[in-house]
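Numbering (the working numbering), first residue to last: 834 to 1156. Glycine included, every Cβ here is placed at the ideal spot set by N, Cα and C. Being a predicted model, the structure only gives us computed values, none of them experimental.
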Amino acid sequence: MRIFSGIQPTGELHIGNYLGAVKQWIDLQNENDCIFCIVDLHAITVPYDQRELADLVLEKAVIYLAAGLDPEKVIIFVQSQVKAHTELCWLLNTITPLGELYRMTQYKEKARSKNENAGLLNYPILMAADILLYDTEIVPVGEDQRQHVELARNIARRFNSTFGETFTVPKEKILKEGARIMSITDPKKKMSKSDSKESAISLFDSPENIRKKIKSAVTDTYKTIKYDKEKRPGISNLLTIYSLLSNTKIEEVEKEMKGKSYKSFKEELAELIIKELEPFRKKRKEFLSREVYVREILKQGSEKANSLAASKMSEVKGKMGIK
Ligand code: ATP
Ligand code: LTN
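As structure tokens, then:
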């Protein structure tokens, strides 16, 4: 199967990104034809620091490698290095009704809290271009991206029926567990890169920081360690994280923790997180010292992506009468 997914270069990767998206990618790479993209052009739709962007892109490539993506098996590249993404985005703009864009939850949220610009509205069209350029069948993402993949599907169908069969209609792949890890300071909101540092556990937080953050994670005034997402979102989120990192069912974790206080559960959770993230910290250090190698991987990745994208673009333009 052709798999495509993307992640923005800005913000520090947190355990929500890992459990909701990156972990699936690692599992998928062995049996599929995978392409993973660092979407720098999406990141500039909100205010950002232009002096930092290039470093953040490289850092994300390091993280992909540290997390276990194997460049022998997958293509890793930077979106802005493959011009076909913006070119196809423009073409798809012309067949996307504005109403569909205004309905997007992420747009509504971001437009409310940040500056509203046309890029923010067109964000999902660029994402559709990312996906459709490579005849993608499966898009592994977290729950928050479901609506965007649905839009990409609509765009593919509309193009095919207007101009003739051209695009594969993609499907999202969203894990049941881990699809939506919540903020540890406000468990009603998703853990987010663009939120405060205290609300997320970064993949590269120091052990002391992890202990501190988990200790002050918001829970409730009940005393028992029980999963109830509606009534007890805080403790349920912590149970989900424990369960996913330890590969144990939530009911099993509940049994294990029976009779324990929130304080000791939190201590065990912090140690588990520290242990599970330790290999990332080590590998990240290793790849950070091999910058030339990482740049070479990105270069080769964009060459491969460019060649796939160019042939799709010429098919698309041909169908649209642009010769
Ligand atoms: P932001 O919230 O600032 O938009 P983000 O944390 O969603 O950023 P992205 O780079 O946009 O980060 O997302 C990368 C991947 O991580 C996507 O597949 C997204 O669905 C997934 N993801 C993001 N947040 C979570 C979360 N809290 N739980 C599970 N998956 C998540
Ligand atoms: N919008 C996505 C990032 C993204 C993406 C993609 C994901 C951009 N292009 C293509 C999957 C496929 C997000 O996670 N915020």
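Find the nearest neighbour of residue 1074 within the set 919, 991, 1011 and 1153, judged by alpha-carbon distance.
1011
The beta strand (DSSP E) enclosing residue 1098, as first and last residue numbers
That residue, residue 1098, is in no beta strand (DSSP E); its alpha helix (DSSP H) goes 1095 to 1121.
Identified DSSP bridge partners for residue 1065:
1061
How is residue 910 classed by DSSP in three states: helix, strand or coil?
strand
Residue 867 beta carbon less than 9 angstroms from that of residue 840:
no
Inter-residue Cα distance where the pair is residue 974 and residue 958:
16 angstroms
Looking only at its own chain, which residues have a Cβ that is under 6 angstroms from the Cβ of residue 1116, when we skip the five neighbours before and after it?
899
Helix, strand or coil at residue 972 according to DSSP, with G and I counted as helix:
strand
Are residue 925 and residue 965 close, meaning C-beta to C-beta below 9 angstroms?
yes
Cβ shell of residue 873 (< 7 angstroms), same chain only, five flanking positions each side left out
842, 886, 890, 911, 912 and 913
Measuring CB to CB, does residue 1025 end up less than 9 angstroms from residue 1035?
no
Would you grab the beta carbon distance between residue 1214 and residue 997 for me? Rounded to a whole angstrom, and I think it's under 8 angstroms.
Past the boundaries of the shown model lies residue 1214; the chain is included only from 834 to 1156, so the question cannot be answered.
Sequence-distant residues of its chain with Cβ nearer than 8 angstroms to residue 933 (five each side left out)
984 and 987
Pairwise C-alpha distance: residue 940 and residue 905
36 angstroms
Taking a contact to mean a Cβ-Cβ separation below 9 angstroms, would you say residue 976 touches residue 835 in this structure?
no
Check whether the Cβ of residue 922 lies closer than 8 angstroms to any heavy atom of the ligand LTN, and answer yes or no.
no
Determine whether the beta carbon atoms of residue 1110 and residue 1037 lie at a separation below 9 angstroms.
yes
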